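Chains as they are written, first to last, in the working numbering: chain A, 1 to 126; chain B, 1 to 579; chain C, 1 to 300; chain D, 1 to 238; chain E, 1 to 206.
A quick write-up on the structure given underneath.
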């Protein structure tokens, strides 16, 4: 990784640029969430933007862009693979079993009493 | 801290809060051996109830108190607690700390020619966190309702609605997981960064490879269980319902979590997160054991390990595959056809590298010159024992035959053959093998042989009957096997198994005697009593702080035995070839 | 030789221990055997339990898979063991014997590994997958007139819910639960539930397919019928179907295979396989509901 | 330590002396718990105990217990109703030293409804040749859940004051009984004649409650003078 | 003892190209990825499997009372703190200790701001309104996920605080070693930021 002062100050400019991009993308995510996509559009867009942001952070702030050591890359690749396994397989198994057995233990379950937080819209958001 | 300050270290810094990997290794070793013995004692109690269900436990029954032994008879709750604690203690407090914490810590840096672990303070921290976890586990016996009693797999909703002991169990597990995570980071960095000059990856002894793969397994598989532990703790303490579906009725009343009825969770989720760890955990238990056995076999056949590279590749492949087979523990939860086929297939695939390693170790005997000393006896018996354990895994990995065998004693027999006469024999082998390095003295061969033969018979007597009663359909975790009429004809073998376990207990006495006597009165030996080639034997016994008198340089592979016309039949890694 | 002497001592110890303790243990001691009200049909011992499924159905595939696997294991282990013992004997350290470090070309082991792999693939694709597909997917059609029932597990009892003569299950809900009189929580207002049968013994007719929906009220149990090679976890919040068929009448045991609490070990139920006529009589009688309790005669 | 014991003993003596004076309180509230509904709607049925053959050894059949009507009394009365003073007791009372026994016979709890005092011993005993698991489902007391796998096993417990709660057997789900714990001795359970009598009450105004496991609670306020006996009937008309 | 006895604690290993601390931090982060992976997996499984009717149905946006404004603000706070963290490291590389320290302090303050906003404007009003982790499965996930993330923030603050305060003396003894440690702290800090980048849309927007 570059060590000279000139390189570092070049980096600093890059960091500021990435910051601007991250801030911008945050606003884009929020705006996108207000738009009404059909179906899973929301999820795809939000995760896509989060993915871009995460990539920027990892590549620039965490210096992966300049990282050449295989001993850092290979564990990360492994980790990414197992991460995907962990994210997908349990849900797939659960979905498959539910397709096989859609009914629950009971035919009807008495509706639970609503928790006492009516008027709990404490934040200004909605 | 510079070199000359070492002599000023107080007793406490030197032996208690030490950051020397060797002292930490010994601390791990002693603690874990104690836990191992304690966990075994729990099993001896359980075997009484199995052999003589409902009968008063002689002497001890009265001593253990009315709460768990009303009238001297064990209660089912206590039986279940014993089951949980036996499993947890043996795996997480006994075997893994011995293989990784003790042997890994002590031997691995020596084998790679390093002065210490990369992060010595982290190393110390991981030992003390481990000890805390152990203490929490032990303390849980004294909370109201006793220790955790929902199985070592802690399946919710049972575990969520269980007594306080379960909370302690989770907290203990979080400690143990954290300790293992810190340790694994340390191990990988040490192996990557601190290898001696000339010690390339393919000149590493197989034991170091096995530790490296193990550390990766711990690093990536343990966090999901930690997450699952946090979620279960939330379910128990905060009243959430991560693992509780809607409409749960416990004891005829709708379950209320927090202020509202439970709902929205999925009990199977825990099983996924749990087995995501617990299957790799199996390889955490077996890989370092294979590493130890590999070392000892190469040394005592006086020839190189056959197929060193295939063995290394197999263990890496084994480690990798172990992450994607976990759901074969869950075939009968109602999994559909396609995903169970996926997991069955990966399970069949993972058996191949195990076969490769085992074959390579056996072929290594061919054309050797086999010395039958005590470590070698243990290492050799590891092979058939592990073979039985591995082969009996096949019917469990195929979903169809698993239907009948799932949750029977067959499963117990299978994994005990892998870890008890398998891994624990490897541990004994390692103790006898590296004892001279740690103390400068040898353990008695005579007592060692008595220990070996009695243990071998005891182990097989204990676990072989389990296959027979398991095939006959006797289910595991049963407090009283006689509660089923179908088990009436099986009680003889159950008793035989119990008596073998108690004999196995007796068989450990020579070992304990040998161990402590040899520390003070064992035969003094040179730095390299086994005439071995790997780096740890080039250091003095016991190695001083900083390990090596001169920084070692490595010139060749790890197992250069009988390879050329030298006077000795071994060629240590650090010796330069004569011109 | 010192170590030989110790080996001899160890062997003597082992022999004494085994002759003294282990051998008599294997003999049956009938004194401690508990009494059960009904005798089980079939032969139980150190072998697979009786299999009462019709020939050609998946329970028999399960059995043959287990058999083949064990023959395979024995052959492999014995072959491997012979080589192992041969090596130990032939290459023991002794005067005039030296290790030969020249690399061994072990083609045989490679072939052995390939054979093992192929055999495993055969077991998986040839036997296990079809059997499993049969377990999961080959449910009897309505033309085959299967008997429908529900199995509801709870700590620590198996409850069997039959729809009664009208063939329709009453609606169930935890709101109507009463542990003594309405353990399934059948809606008393639902006309379909009037003739529903609640039982703690599983009655099934012989030679008729059964579809059972397995569920649980509280924790995870596992519904296991040893003689039919049926095992299915009962998971709260799910109603998982299984199917089976028995072709021999008699009394058999149902067990819980998943730890479900302190009395897990006693969570046993009887399965009574009977002729269609006997079953129908039981069914009609049971659908009438519980008998009235005559206080004067029975209460104290 | 020893001195403390003396002090404690003195205190106990004083309190019991006070207790002697309490004996002078002689007010009584008595009456019956009338059932005014249709008895045909609440027939008892035989419970299915086939699960455990050992249950039938002690008893041929067990009846459902959620409503037990004394049909022979006139008017019809209800059995297993707890009648107790809910409010109005101001004095302190000691727990009796004799234990209350909860027996498990023929897979049925005997008695089916228990009222007891705080600090009084409850002895749970297994009279069956089978395994029982006693599971208390209280709100205030600690949840007790223990197993008695063998005949003749007993266990002693003491409880804190608490409104009626259920006790069940986890092995035999049909087994159930109810326990209520009080800080005073004014509580009874109606039997075969459906009557109750609360004796030894000091003069005062009391809220008396009749509690039935199926029909719930009914209360009434009764005022009695010194040594007065008042009649008060409860009527459940579901 | 580490610095002087063990090799490659400061200088990168000639073959692997990293110093030990950095490799260790990355490995630790890999395990953290798996930890949060398990939580996210839980969230996905429960959400995908949530019943479409009945009481346990997944709550709608209106029912969750999560404000994207507060969430978005906190996202910006964390992003800025990430930038100041990396700038602190850059300043150390340029031998500018006092500026670096200033950036560290800013990072620390921003982290504190994140927590204050989280506690006073999110957790507290929810508790006031009677919302608990047990309220429904969404809030269970919300509190556990954000709570754990907040604990990571606290952990990061402890480390940053240490290097602002007592740990800073290392700069005088061995500036390169100190710079490395700040780099490792930074790696961790960016990771915490990265987790939030996913948490924000998942909990507040979707």
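Beta carbons: idealized from backbone N, C-alpha and C, even for Gly.
Since the structure is predicted, the reported quantities are computational estimates derived from the model, not experimental observations.
Whole angstroms are fine: how far does the CA of residue j sit from the CA of residue i?
i	j	result
residue 80(C)	residue 48(C)	26 Å
residue 546(B)	residue 534(B)	17 Å
residue 67(A)	residue 76(A)	12 Å
residue 98(B)	residue 27(B)	10 Å
residue 151(B)	residue 178(E)	48 Å
residue 172(E)	residue 242(B)	50 Å
residue 17(E)	residue 195(B)	14 Å
residue 402(B)	residue 229(C)	10 Å
residue 152(C)	residue 383(B)	46 Å
residue 102(A)	residue 284(B)	38 Å
residue 173(B)	residue 485(B)	38 Å
residue 235(B)	residue 160(B)	6 Å
residue 197(C)	residue 251(C)	20 Å
residue 159(D)	residue 251(B)	20 Å
residue 39(C)	residue 348(B)	41 Å
residue 59(E)	residue 42(D)	43 Å
residue 184(E)	residue 213(B)	24 Å
residue 209(B)	residue 291(B)	8 Å
Return helix, strand or coil for residue i, following the three-state DSSP convention.
i	result
residue 58(E)	coil
residue 220(C)	coil
residue 90(D)	coil
residue 150(B)	coil
residue 30(C)	Model confidence at residue 30(C) stands at a pLDDT of 45, short of 50, so the residue's coordinates are unreliable; what they give is reported in the following sentence. Three-state DSSP puts residue 30(C) in coil, outside helix and strand.
residue 47(C)	coil
residue 235(D)	strand
residue 388(C)	For residue 388(C) there is no data in the structure shown, the boundaries of chain C being 1 and 300.
residue 35(B)	helix
residue 38(D)	coil
residue 19(E)	coil
Quickly, what does DSSP pair residue i with across the bridge? List them, please.
i	result
residue 33(E)	BP columns for residue 33(E) are empty, so no partner.
residue 147(C)	210(C)
residue 206(D)	222(D)
Buried or exposed: which applies to residue i, given that a residue is buried once 16 or more other Cβ atoms fall within 10 Å of its Cβ?
i	result
residue 64(D)	buried
residue 105(A)	buried
residue 61(B)	buried
residue 628(B)	As shown, chain B starts at 1 and ends at 579. That puts residue 628(B) outside it, with no answer to give.
residue 212(D)	buried
residue 92(C)	exposed
residue 568(B)	exposed
residue 202(B)	exposed
residue 254(B)	buried
Are the region 151-169 of chain C and the region 193-206 of chain C touching, with three or more C-beta to C-beta distances below 8 Å? yes
Quick one: any contact between the region 162-175 of chain B and the region 133-148 of chain B, if contact means 3 or more CB pairs under 8 Å? yes
With three or more beta-carbon pairs closer than 8 Å as the criterion, would you say the region 309-326 of chain B touches the region 336-353 of chain B? yes
Quick check: the region 410-421 of chain B against the region 373-390 of chain B, are there 3 or more CB pairs under 8 Å? yes
Examine the Cβ distances between the region 395-414 of chain B and the region 469-476 of chain B and report whether three or more of them are shorter than 8 Å. Yes, the region 395-414 of chain B is in contact with the region 469-476 of chain B.
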